[in-house]
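To start, the structure under review is shown below, and the notes come after it.
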Amino acid sequence: MLLGWLALQGTLIATAGPRPEHAFGFRMFGEASTLKYSLYRVVRAPDGTQRELKCEEGRYRIAKGGGEGVAFDWHDWVKTPALGTFDREIVASYGVAAQRSRLAAAVDSFADQVPRDRETARFLIRGYSRRNGGPPEPFVFESHAVNP
Numbered sequence: 003m004l005l006g007w008l009a010l011q012g013t014l015i016a017t018a019g020p021r022p023e024h025a026f027g028f029r030m031f032g033e034a035s036t037l038k039y040s041l042y043r044v045v046r047a048p049d050g051t052q053r054e055l056k057c058e059e060g061r062y063r064i065a066k067g068g069g070e071g072v073a074f075d076w077h078d079w080v081k082t083p084a085l086g087t088f089d090r091e092i093v094a095s096y097g098v099a100a101q102r103s104r105l106a107a108a109v110d111s112f113a114d115q116v117p118r119d120r121e122t123a124r125f126l127i128r129g130y131s132r133r134n135g136g137p138p139e140p141f142v143f144e145s146h147a148v149n150p
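The opening residue of the sequence shown carries number 3 in the working numbering; numbering runs sequentially from there.
Following this line, the structure appears as structure tokens:
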């Protein structure tokens, strides 16, 4: 039993490198890295062109019949605070690779769960990261199509 547990622990430690968050790996000093990002909704115009609309603080409204709109909020579907801190520089928990991986999964999850409308084609997260205070490294995560 003890040998099996030790073998499992050794395997987890030895395979920590490929995982984005490096779980079970030893790091003497963690990264001092940060990210800043924004959420965008890509909408389709009647003529077929597309444009990006920024979702302030993860919120947007769509028009419905009768003139009133319906509001949607990222935070209703994505509950992790670190994945919903838009337009502010935050610490990259467990490093940039882990946070980027989580953001990419979150934008797809949001696209899967948010109610469909006629305008929205997909969602984007656009931002940059800084590894240990270095220069900004831009990134874009695009959800799969909401309304193909």
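A virtual CB, placed ideally from N, CA and C, is assigned to each residue, including glycine. Quick caveat: nothing in here was measured; it's all calculated off a predicted structure.
Report task. Tell me, please, whether the stretch 93 to 110 touches the stretch 7 to 16 by the rule of three or more beta-carbon pairs shorter than 8 angstroms. Result -> The way I'd put it, the stretch 93 to 110 doesn't touch the stretch 7 to 16; fewer than three beta-carbon pairs between them come closer than 8 angstroms.
Report task. Measure from the C-beta of A106 to each C-beta in chain C and report whether the shortest distance is under 9 angstroms. Result -> As a matter of chain content, chain C is missing from the structure shown, which is built from one protein chain.
Query raised in the report: Given that a residue counts as buried once 16 or more other Cβ atoms are within 10 Å of its Cβ, and exposed if not, what is T82?
Result: By the 10 Å Cβ count, T82 comes out exposed.
Query raised in the report: For the stretch 37 to 51 against the stretch 121 to 137, are there 3 or more C-beta pairs whose distance is under 8 angstroms?
Result: These segments touch.
Query raised in the report: CB-CB under 6 angstroms to C57, same chain, minus the five flanking residues each way: which ones, in chain order?
Result: L41, R43
Requested in this report: Name, in chain order, the residues that DSSP records as bridge partners for G136.
Outcome: Bridge partners of G136: none, in fact.
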